[in-house]
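**Q** Residue numbers (the numbering used here): -13 to 162. Before I ask anything, let me first share the structure, which is written out below as C-alpha cells.
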Amino acid sequence: IVAQQALRESSYGPYSRTMKKICWEESVHIMHGRDVVVTMMNGTPTQREMVQEALDRWWGPLMQMHGPRSDRAKDRDLFWHIKAKTSEELRQEFLTIYVPRILELGLTIPDPELHFDETAGEWRYSEPDWNELRTVVTNHGPMSQERLDFRRENHDLTAWVRATVLAPSRLATAAA
C-alpha cells in the first residue's frame, strides 16, 4: 500500500481520486492479513513455522515490488508528478514501516545484509534479483504456465456466466 499511497498525490486527478479509493480497499486487506498473521504467530509451533516459511518465500518479491532504483532526474513519471517518490524511496518507506513489525512478531527476515545505516539514514539490504522479476513479469517464471493454465480453465468454467449476462433479455426481445 506504500506505493499506492504515494500515487494519491499524482498530478492526474482521475488517477489520484481512484488511488484514494484503492488505498482504502487495500487497507482492509492489510488489516485482515495482519490479524491472520498475529493469530498464527500466537498459535502452534507449526503455525509459526508456516508464517516464517511464507516470509522466506515472499521476501524476494516484496523487495522487488517497487521496482529497480531509478535516477530521479531521468524519471519522467516524477517529472510530470504522476508519482511522488522514486522506487527506492518507496522501498525505504516500506522497510521503515514493516521491518519493526516483522521483528516484533518474532520472525526472522531472510536477508543477512538487512540493517539500518544510521549514518546514511537508510536501510541497507541485499540487491533484489531483477532478472527473476523480469522473468516472472514476462510470463517465463517457474509457475507462469501453471498460473496461466489456471486462469484459462477458470475463464472456460465461467463462460456460462458471461453468456447469461450478455444474452439479450427476454423482456427486451419481447418489447422489440
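Don't be surprised by glycine CBs; every beta carbon is placed ideally from N, CA and C. Every value quoted in this text rests on a predicted model; they were computed, and no experiment measured them.
(1) Using only the alpha-carbon positions, how far apart do GLN(-10) and GLU108 sit?
(2) Can you tell me where the beta strand (DSSP E) holding TRP109 begins and where it ends?
(3) Report the option in VAL22, MET36, HIS101 whose CA atom is closest to the CA atom of GLN78.
(4) Could you tell me the alpha carbon to alpha carbon distance between VAL23 and ALA(-8), rounded to whole angstroms?
(5) Relative to the alpha-carbon of GLU75, which residue among ASP63, CYS9, ARG87, HIS52 has its alpha-carbon at the smallest distance?
(6) Just to confirm, are LEU41 and ILE88 a CB contact at a threshold of 8 Å?
(7) What is the residue span of the beta strand (DSSP E) that ASP103 lies within?
(8) In angstroms, rounded to a whole number, what distance separates the CA positions of ARG20 and GLY46?
(9) Which residues in the same chain have their Cβ closer than 8 Å to the Cβ of GLU12, if we skip the five residues on either side of it in sequence?
(10) From TRP146 to PHE136, what does the alpha carbon distance come to, in whole angstroms?
(11) Please state the DSSP three-state secondary structure of ILE(-13).
(12) Taking C-beta to C-beta, are LYS69 and SER2 nearer than 8 Å?
(13) Where THR121 and GLY127 are concerned, what is the direct C-alpha to C-alpha distance, given to the nearest angstrom?
(14) Taking 8 Å as the limit between beta carbons, can you name the residues of its chain near ILE95, skipping five residues before and five after?
**A** A quick look at the data gives this:
(1) For the pair GLN(-10) and GLU108, the Cα-to-Cα distance works out to about 21 Å.
(2) Per DSSP, the continuous beta strand (DSSP E) segment holding TRP109 begins and ends at 108 to 110.
(3) Sorting VAL22, MET36, HIS101 by C-alpha distance to the C-alpha of GLN78 places HIS101 at the top.
(4) Their backbone Cα atoms lie some 25 Å apart in a straight line.
(5) Of the candidates ASP63, CYS9, ARG87, HIS52, the one whose C-alpha sits nearest the C-alpha of GLU75 is HIS52.
(6) Yes, they are a contact pair.
(7) 101 to 103 is the span of the beta strand (DSSP E), which, as asked, contains ASP103.
(8) Going by the C-alpha atoms only, they are around 19 Å apart.
(9) Closer than 8 Å at the Cβ level, and outside the excluded window around GLU12, lie ILE(-13), GLN(-10).
(10) C-alpha of TRP146 to C-alpha of PHE136: approximately 17 Å in a straight line.
(11) Here ILE(-13) sits in coil by DSSP.
(12) No, the pair does not count as a contact, with Cβ atoms beyond the cut-off.
(13) Each residue's alpha carbon lies about 5 Å from the other.
(14) Closer than 8 Å at the Cβ level, and outside the excluded window around ILE95, lie LEU41, TRP45, VAL85, ILE88, LEU89.
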